[in-house]
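Down below is the structure, laid out as structure tokens.
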Amino acid sequence: MPKKPLVLMISAALTLAACSTTPTTKPAMTDQAPTPAPAAAPVEASNPFFAPSSLYLQAPEWDKIKDEHYMPAFVEGMRRHETEIRAIADNPEAPTFDNTIVAMERSGTMLSRVRRAFNVASGTNKNDTIQNIENEISPKLAAHGDSIVLDPALFARIDTLFQKRASLGLDPISLRLLERYHLDFVRSGAQLSEADKTTLRALNEEESKLSTLYSEHLLKDTQASAVVVDTLAELDGLSQAEKDAAAAAAKAKGMDGKWLIPLVNTTHQPKEAELTNRGLRERLYRASIARGNHGGDNDNRALISRLAQLRAQKAKLLGFATYADYVLDDQMAKNPQSAMALLSQVGAAAVVRAKQEIADMQAVIDRQHGGFKLQPWDWEFYAEQVRKEKYDLDESQTKPYFELDRVLKDGVFYAAHQMYGVSFKQRTDLPVYNPDTRVWEVFDADGSTIGLIYTDYFARDSKQGGAWMDSLVDQSYLMGTKPVVYNELNITKPAPGQPVLLTFDEVTTMFHEFGHGLHGLFSQVKYPYMSGTNTPRDFVEFPSQFNENWALEPTVLAHYAHHYQTGAAMPAELVAKIKKSSKFNQGFETLEYTESALVDMEWHALSADAPLQDPTAFEAAALKKHGVDLAQVPPRYHTTYFSHVWGGGYAAGYYAYLWTAVLGADSYAWFNEHGGMTAANGKLYRDGVLSRGGTMDAHQLYLNFRGHEPGVSPLLEQRGLVPDKKAKK
Numbered sequence: 014m015p016k017k018p019l020v021l022m023i024s025a026a027l028t029l030a031a032c033s034t035t036p037t038t039k040p041a042m043t044d045q046a047p048t049p050a051p052a053a054a055p056v057e058a059s060n061p062f063f064a065p066s067s068l069y070l071q072a073p074e075w076d077k078i079k080d081e082h083y084m085p086a087f088v089e090g091m092r093r094h095e096t097e098i099r100a101i102a103d104n105p106e107a108p109t110f111d112n113t114i115v116a117m118e119r120s121g122t123m124l125s126r127v128r129r130a131f132n133v134a135s136g137t138n139k140n141d142t143i144q145n146i147e148n149e150i151s152p153k154l155a156a157h158g159d160s161i162v163l164d165p166a167l168f169a170r171i172d173t174l175f176q177k178r179a180s181l182g183l184d185p186i187s188l189r190l191l192e193r194y195h196l197d198f199v200r201s202g203a204q205l206s207e208a209d210k211t212t213l214r215a216l217n218e219e220e221s222k223l224s225t226l227y228s229e230h231l232l233k234d235t236q237a238s239a240v241v242v243d244t245l246a247e248l249d250g251l252s253q254a255e256k257d258a259a260a261a262a263a264k265a266k267g268m269d270g271k272w273l274i275p276l277v278n279t280t281h282q283p284k285e286a287e288l289t290n291r292g293l294r295e296r297l298y299r300a301s302i303a304r305g306n307h308g309g310d311n312d313n314r315a316l317i318s319r320l321a322q323l324r325a326q327k328a329k330l331l332g333f334a335t336y337a338d339y340v341l342d343d344q345m346a347k348n349p350q351s352a353m354a355l356l357s358q359v360g361a362a363a364v365v366r367a368k369q370e371i372a373d374m375q376a377v378i379d380r381q382h383g384g385f386k387l388q389p390w391d392w393e394f395y396a397e398q399v400r401k402e403k404y405d406l407d408e409s410q411t412k413p414y415f416e417l418d419r420v421l422k423d424g425v426f427y428a429a430h431q432m433y434g435v436s437f438k439q440r441t442d443l444p445v446y447n448p449d450t451r452v453w454e455v456f457d458a459d460g461s462t463i464g465l466i467y468t469d470y471f472a473r474d475s476k477q478g479g480a481w482m483d484s485l486v487d488q489s490y491l492m493g494t495k496p497v498v499y500n501e502l503n504i505t506k507p508a509p510g511q512p513v514l515l516t517f518d519e520v521t522t523m524f525h526e527f528g529h530g531l532h533g534l535f536s537q538v539k540y541p542y543m544s545g546t547n548t549p550r551d552f553v554e555f556p557s558q559f560n561e562n563w564a565l566e567p568t569v570l571a572h573y574a575h576h577y578q579t580g581a582a583m584p585a586e587l588v589a590k591i592k593k594s595s596k597f598n599q600g601f602e603t604l605e606y607t608e609s610a611l612v613d614m615e616w617h618a619l620s621a622d623a624p625l626q627d628p629t630a631f632e633a634a635a636l637k638k639h640g641v642d643l644a645q646v647p648p649r650y651h652t653t654y655f656s657h658v659w660g661g662g663y664a665a666g667y668y669a670y671l672w673t674a675v676l677g678a679d680s681y682a683w684f685n686e687h688g689g690m691t692a693a694n695g696k697l698y699r700d701g702v703l704s705r706g707g708t709m710d711a712h713q714l715y716l717n718f719r720g721h722e723p724g725v726s727p728l729l730e731q732r733g734l735v736p737d738k739k740a741k742k
């Protein structure tokens, strides 16, 4: 979830990443007068965006916000922001840090209010009205961003300060802010010729439109691709609660007497692990992989081809060989070669392990006289059988001990309390954006308020897939604001009256997203630009992946893993099975991720003069090139529904999950070396990492905490990808 200051990110403000980031496409401009902002909208007292929220910590007034408020607020927000920026750029006084950089940090508050609230509506409660607004406002925001980021007068002031920065007497953080502003403007094209700025403006606008359209297509196609089941017998293997939920989903769509299995955003669908009907498993799988790739109004192939070309052309214009070079130049990895080296190293180990997993499953099929070779739609089903066989463990044993509220309060919240001394209290007096959403006030050990976090965990048709965190109000001493953040998951909601029982993967996801939440909540910085999760993309997933480790911490697990009916603690033998099986299926899980990351990198390694690509053929060639094209292990996301990359801001950045997994495992090793989950260690980590936001170079921040360069060995050992030494005789 790295954010940029408002002036640098509004052109991509309507996109959410699956784990949470706002993309940072960079705009363009000319020496002519900036593109006029839309005419001022009437200031209506009924529009809640025209003034700061009067609620606690400026929490959004969801009970007052209506769909019709967004467009007038966007128009007025852009007008106000343009006025503020013009006053800075045209200031007759000589540029100073305060009248230029700090003034920009203070600008755009109304536009930020509406943008952040609209991100919630677009991501969690999308309807035709919201979609139409998104389509209309996206290019307007891109143009608004261009008019600011490429303003010659504005950049001249920033450049003047940058050139004499050594003599300004700035403290280290203020100096970094100035340097970051200058770098971001340069990376946005501020030093281009006027002809190139005009070209860049057009590229940005087209990219914005196509990314928005991609996301629209994917949501509609995912909704339309839900699998309809005609007979109850086909659902053999599902629990009664799951069957009831499928019946309720069908009834809600006017299909009484049938059952409906909605799709999640990944290639593999959760129900594949349980369904005994092989034909239905295949139907589910094929419906999943066909999204955006079967013709019709929601086909994404042409959009992808053009988006890749646009990005390559933009990179060339900005002086980079490829878009991947452009993106990684400002990340921890620094260049695509470093990212590729890590992906290749881990991918090779994952292939070896995945082949072993294939052999294990094929052995089960053969013993059962199945008469077929393992196919992708069989993986989840037979992996569960191998899990039962090797570890005597299946999800039906564990789910009764993972009731959602207990996991949240006695697991996620408890771990944060043990580590950082924080506590949580539900606020029922604050309005929410959906009935399933809850608000929690977060208190520090001394009783002072840290901020608010909204939790919204259930899937619905109007909600984008995946899981993510974002911010509604950023912490900033300059602005006098405390953080207001939110966590989103997509857990299937059971039928009324049924308990919400989670898989351990869902438990881990809760811990993961809450790690992002802590990163935003613990921020203690002056400038909004540097607040919370505003870090490089290949650092921002570090706190979330690190936080996953506490899901299996013995004291934490013992606190939340209790049977939802009896209250009995999870038996020690079942706990041992979960821990023993923690490395199970890691070849598959690591490989399907690595495949997607490599495909992303290959798309963005195209040169500006490369022809338009056929996505299906291009993806297949990329997987073969890197030796990761196992037929039984498809990528976690095929190109046509890879929303991280084409609509979510992770272009040439999906590798970041593996990069930060290395940091997370390496840091967890540090904790184990220094006494584990202690308040003292928690304070060091909170003060040294979570509170610092983007106030210093991310690599140096990590080195300061860890004491040395991160190593990949802890991750390989954690996932069981270390070669078996006994086999090497």
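14 is the number of the first residue of the sequence shown in this note's numbering; add one for each residue after it. A virtual CB, placed ideally from N, CA and C, is assigned to each residue, including glycine.
Item: Just list the residues that DSSP pairs Met268 with in beta bridges.; Value: None; Met268 has no bridge partner.
Item: Nearest to Phe110 by alpha carbon, out of Tyr194, Met543, Asp622?; Value: Tyr194
Item: Run the CB neighbour count on Asp391, radius 10 Å, all protein chains shown included, and call it buried at 16 or more, exposed below.; Value: buried
Item: Please name the residue in Leu330, Ile274, Glu247 whose C-alpha comes closest to that of Leu216.; Value: Leu330
Item: Give me the Cα-Cα distance between Ala585 and Glu402, rounded to the nearest whole angstrom.; Value: 19 Å
Item: If you drop the 5 nearest sequence neighbours on each side, which residues of the same chain put their C-beta closer than 7 Å to that of Val735?; Value: Leu729
Item: Around the Cβ of Ala263, are there at least 16 other Cβ atoms within 10 angstroms (buried) or fewer (exposed)?; Value: buried
Item: Taking Cβ to Cβ, would you say Leu625 is nearer than 7 Å to Ser318?; Value: yes
Item: Please report how far the alpha carbon of Val199 lies from the alpha carbon of Tyr670, in whole angstroms.; Value: 27 Å
Item: What does the Cβ neighbour count give for Ala50, buried or exposed, with the cut at 16 atoms within 10 Å?; Value: Because the pLDDT at Ala50 is just 45, under 50, the model does not fix this residue reliably, and the point stays unresolved.
Item: Specify the secondary structure class of Gly706 as computed by DSSP and reduced to three states.; Value: coil
Item: Can you give me the Cβ contacts of Glu526 inside the same chain, cut-off strictly under 6 Å, excluding the 5 residues immediately before and after it?; Value: Ala480, Met482, Asn500
Item: State yes or no: is the C-beta of Ala325 within less than 7 Å of the C-beta of Tyr336?; Value: yes
Item: CB Leu251 to CB Glu192, shorter than 7 Å?; Value: no
Item: In chain order, what residues of the same chain lie with their CB nearer than 8 Å to the CB of Tyr427, ignoring the 5 residues before and after it?; Value: Val569, His572, Tyr573
Item: According to DSSP, is Met91 part of a helix, a strand, or is it coil?; Value: helix
Item: Tell me, please, which residues DSSP counts as bridged to Arg99.; Value: Arg99 pairs with nothing; no bridge assigned.
Item: Per DSSP, what kind of secondary structure is Ser726 in: helix, strand or coil?; Value: helix
Item: Could you tell me whether the Cβ atoms of Leu323 and Tyr227 are closer together than 7 Å?; Value: no
Item: Would you tell me roughly how many angstroms separate the C-alpha atoms of Met743 and Leu514, rounded to the nearest one?; Value: Coverage of the chain is limited to positions 14 through 742, which leaves residue 743 absent and any answer about it impossible.
Item: Starting from Trp390, trace the alpha helix (DSSP H) in both directions and tell me its first and last residue.; Value: 389 to 404
Item: Per DSSP, what kind of secondary structure is Arg319 in: helix, strand or coil?; Value: helix
Item: Three or more C-beta pairs closer than 8 Å, one from the stretch 525 to 542 and one from the stretch 497 to 512: is that the case here?; Value: yes
Item: Quick one: is Ser726 buried, meaning 16 or more other Cβ sit within 10 Å of its Cβ, or exposed?; Value: exposed
Item: Hey, is the stretch 642 to 653 in contact with the stretch 701 to 718, meaning 3+ C-beta pairs nearer than 8 Å?; Value: no
Item: Who are the Cβ neighbours of Ala352 in its own chain at under 6 Å, not counting the five residues just before and after it?; Value: Ala346, Tyr668
Item: Run through DSSP, which three-state label would His763 get?; Value: The question about residue 763 has no answer here: the residues shown for the chain are numbered 14 through 742.
Item: Use the C-beta contact count for Gly510: other C-beta atoms within 10 angstroms, 16 or more gives buried, fewer gives exposed.; Value: exposed
Item: Quick check on the burial criterion: 16 or more other C-beta atoms within 10 angstroms. Buried or exposed for Phe62?; Value: buried
Item: Alpha carbon to alpha carbon, how far is Glu393 from Pro283?; Value: 8 Å
Item: Between the C-alpha atoms of Asn145 and Gly689, what's the straight-line distance to the nearest angstrom?; Value: 50 Å
Item: Whose C-beta lies closer than 6 Å to the C-beta of Glu615 among residues of the same chain, with five residues either side of it excluded?; Value: Ala635
Item: Could you check where the beta strand (DSSP E) with Trp481 kicks off and where it finishes?; Value: 481 to 486
Item: To the nearest angstrom, how far is it from the Cα of Gly182 to the Cα of Leu188?; Value: 9 Å
Item: Output needed for Arg129: all residues of its chain with C-beta closer than 6 Å, excluding positions within five of it in sequence on either side, in chain order.; Value: Leu485
Item: Excluding the 5 residues preceding and the 5 following Ala361 in the sequence, name in chain order all residues of the same chain whose CB lies nearer than 8 Å to its CB.; Value: Gly640
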